[in-house]
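Notes for the one structure printed next.
In our numbering, the protein residues as written are 671 to 737.
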């Protein structure tokens, strides 16, 4: 309840702020390449964990057996 709302006030974003990069990309005339990770209107490099191919393979195998 209240703790979440208090933290959100200092660390959260409004709906407009959260949508800003997606709306900005969708409205660009000079479209950047397909894919990629963007934050704050800039292309960013994903974290090491997000680029770990061994973890990606393990996750894929696990997801194949989930009914």
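Glycine included, C-beta positions come from ideal geometry on N, C-alpha and C.
6 Å CB neighbourhood of residue i in its chain, flanking five on each side removed
{"i": "residue 711", "result": "691 and 694"}
{"i": "residue 713", "result": "706"}
Nearest-angstrom Cα separation, counted from residue j out to residue i
{"i": "residue 731", "j": "residue 718", "result": "20 Å"}
{"i": "residue 699", "j": "residue 681", "result": "32 Å"}
{"i": "residue 689", "j": "residue 736", "result": "32 Å"}
{"i": "residue 684", "j": "residue 678", "result": "9 Å"}
Where residue i falls: helix, strand or coil (DSSP)
{"i": "residue 673", "result": "helix"}
{"i": "residue 714", "result": "strand"}
{"i": "residue 696", "result": "helix"}
{"i": "residue 709", "result": "strand"}
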